[in-house]
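>
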Amino acid sequence: GAVVSQHPSWVICKSGTSVKIECRSLDFQATTMFWYRQFPKQSLMLMATSNEGSKATYEQGVEKDKFLINHASLTLSTLTVTSAHPEDSSFYICSALGQKHNEQFFGPGTRLTVL
Amino acid sequence: GDSVTQMEGPVTLSEEAFLTINCTYTATGYPSLFWYVQYPGEGLQLLLKATKADDKGSNKGFEATYRKETTSFHLEKGSVQVSDSAVYFCALTHSGSARQLTFGSGTQLTVLP
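Line by line, the protein sequences give chains C and Z. Going by this note's numbering, the first sequence opens with residue 1, and the numbers climb by one from there. Going by this note's numbering, the second sequence opens with residue 116, and the numbers climb by one from there.
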C-alpha cells in the first residue's frame, strides 16, 4: 500500500514552454502533498506544501507564479513549471501524506530538461 | 535553521563488507531522525527512524542509533549485499509527523559482487 506515482517520469521541453507534472496517491487519500527539487548530488529541497482544496504554501525563494501547484483532489496534485528556462532543469519529486499516516510516501520523481 | 550533514559518497564496498554512513545534524530541541533509501528509478522509501535520544531504529539488517550527545544518527549494516546498492538519505523533522523533512545530500552506495 501507500504508493505514489508521478507522470511523466522524464520530459524535455523548449525554453519558454510550460510543463505539467502530476503526482497521484494510488491507494490512499493524500490530505497533504509536498513538492521537492533535487539537483545532481545535492539534497532534496522542499519547494511547497499543498493541502487538498487550499492554496499551496511555498518555501522562501520559490516563485509561486513560476511553479504553479494545484491540489484539486485527495489523490492528485500537479506542478506546472511556467515559461521554463534551462535553469529550471532538475529532478522534481513529490510526496504524499495521508490523514492516518505519520510518514511521507514519495513518488519516483520527474526529470525535467529544458533546452 | 535545521541542517543535516552526511558523509560524501560515492561509497563502494564488496559484498559482505561492513557499512557505515555518517550523519550528523544541527537542530533545536528534539527532532525525529530518519534514513531513507532510493533505489534506481524509484521513489524514496523510509528505511528506519528514531524519535528520541538513545532510540535505535532497525530494518532489513540496517541500524542507526539516535545519539543526542554527538548529534549523530549513523547508518550501519554488518554485511552488505549487492541489492543494497542505492542512495541513502538522512533526514530530520520536528513535528513528529514527518512534515517538513530536512534532508542530507544523500550518499551513493555501490556494492560489488
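Even glycine gets a Cβ: it sits at the ideal position worked out from N, Cα and C. Small disclaimer: the values here were computed from a predicted structure and weren't measured.
Over what stretch of residues does the beta strand (DSSP E) that includes Phe-98(C) continue unbroken?
Reading the first sequence from its first residue, position 98 is the one you call residue 98(C). For the sequence presented, residue 98(C) should be read as Gly rather than Phe. Start and end: 90 to 98.
> Report all residues from its chain with a CB closer than 7 angstroms to the CB of Thr-17(C); omit the five preceding and five following residues, and keep chain order.
Residue numbering aside, residue 17(C) sits at position 17 when the first sequence is read from its first letter. Ala-84.
> From Leu-161(Z) to Cys-205(Z), what does the alpha carbon distance come to, in whole angstroms?
Counting from 1 along the second sequence, the entry for residue 161(Z) is found at position 46. Counting from 1 along the second sequence, the entry for residue 205(Z) is found at position 90. Going by the C-alpha atoms only, they are around 10 angstroms apart.
> Anything in the region 13 to 46 of chain C with a Cβ closer than 9 angstroms to a Cβ of chain Z? List those residues in chain order, please.
Thr-32, Phe-34, Tyr-36, Gln-38, Lys-41, Gln-42, Ser-43, Leu-44, Met-45, Leu-46
> Return the first residue and the last residue of the beta strand (DSSP E) that Met-45(C) is part of.
Here the question's residue 45(C) lines up with position 45 in the first sequence. According to the DSSP assignment, Met-45(C) belongs to the beta strand (DSSP E) that extends over 44 to 51.
> What residue range is occupied by the uninterrupted beta strand (DSSP E) comprising Tyr-36(C)?
On the first sequence, position 36 is the one that residue 36(C) refers to. Segment 30 to 38, the beta strand (DSSP E) holding Tyr-36(C).
> Rounding to the nearest angstrom, what Cα-Cα distance links Gly-221(Z) and Arg-182(Z) in this structure?
As a working note, residue 221(Z) is residue 106 in the second sequence. As a working note, residue 182(Z) is residue 67 in the second sequence. Cα-Cα distance, rounded: 20 angstroms.
> Just to confirm my understanding: we take Arg-24(C), look at its own chain, exclude 5 residues before and 5 after, and list those with CB closer than 6 angstroms. What are they?
Residue mapping note: residue 24(C) aligns to position 24 of the first sequence, counting from 1. Contacts found: Ser-5, Thr-75, Leu-76.
> Can you tell me the Cα-Cα spacing of Thr-31(C) and Gly-107(C), whole angstroms?
The residue you call residue 31(C) lines up with position 31 of the first sequence. The residue you call residue 107(C) lines up with position 107 of the first sequence. The straight-line gap from Cα to Cα measures roughly 15 angstroms.
> Please look up how many angstroms separate the CB atoms of Gly-172(Z) and Leu-163(Z), rounded, as I've assumed it's under 8 angstroms.
In the second sequence, residue 172(Z) corresponds to position 57, counting from 1. In the second sequence, residue 163(Z) corresponds to position 48, counting from 1. Right, the Cβ-Cβ distance comes to about 3 angstroms (below 8 angstroms), so this counts as a contact.
> Under a three-way DSSP split, which group does Glu-87(C) fall into?
In the first sequence, residue 87(C) corresponds to position 87, counting from 1. Annotated three-state conformation of Glu-87(C) is helix, per DSSP.
> Quick one, which residues of the region 87 to 113 of chain C are near chain Z if we go by CB-CB under 8 angstroms, in chain order?
Cβ contacts with chain Z: Ile-93, Ser-95, Leu-97, His-101, Asn-102, Glu-103, Gln-104, Phe-105, Phe-106, Gly-107, Pro-108, Gly-109.
> Which residues in chain C sit within 8 angstroms of Leu-220(Z), going by Cβ to Cβ distance?
Looking up residue 220(Z) in the second sequence gives position 105. Sequence inspection shows Ser at residue 220(Z); the Leu mentioned does not correspond to that position. Chain C residues near Ser-220(Z): Lys-41, Gln-42, Ser-43.
> Name, in chain order, the residues that DSSP records as bridge partners for Arg-111(C).
Here the question's residue 111(C) lines up with position 111 in the first sequence. Trp-10(C), Phe-91(C).
> Between the C-alpha atoms of Phe-28(C) and Pro-8(C), what's the straight-line distance to the nearest angstrom?
Taking the first sequence and counting its residues from 1, the one referred to as residue 28(C) is at position 28. Taking the first sequence and counting its residues from 1, the one referred to as residue 8(C) is at position 8. In a straight line, the C-alpha of Phe-28(C) is about 20 angstroms away from that of Pro-8(C).
> For Ala-48(C) and Val-152(Z), what's the separation of their Cα atoms in angstroms?
The count along the first sequence starts at 1 and reaches residue 48(C) at position 48. The count along the second sequence starts at 1 and reaches residue 152(Z) at position 37. C-alpha separation (whole angstroms): 22 angstroms.
> What is the DSSP secondary structure of Val-197(Z), reduced to helix, strand or coil?
Reading the second sequence from its first residue, position 82 is the one you call residue 197(Z). Val-197(Z) falls in the helix class under three-state DSSP.
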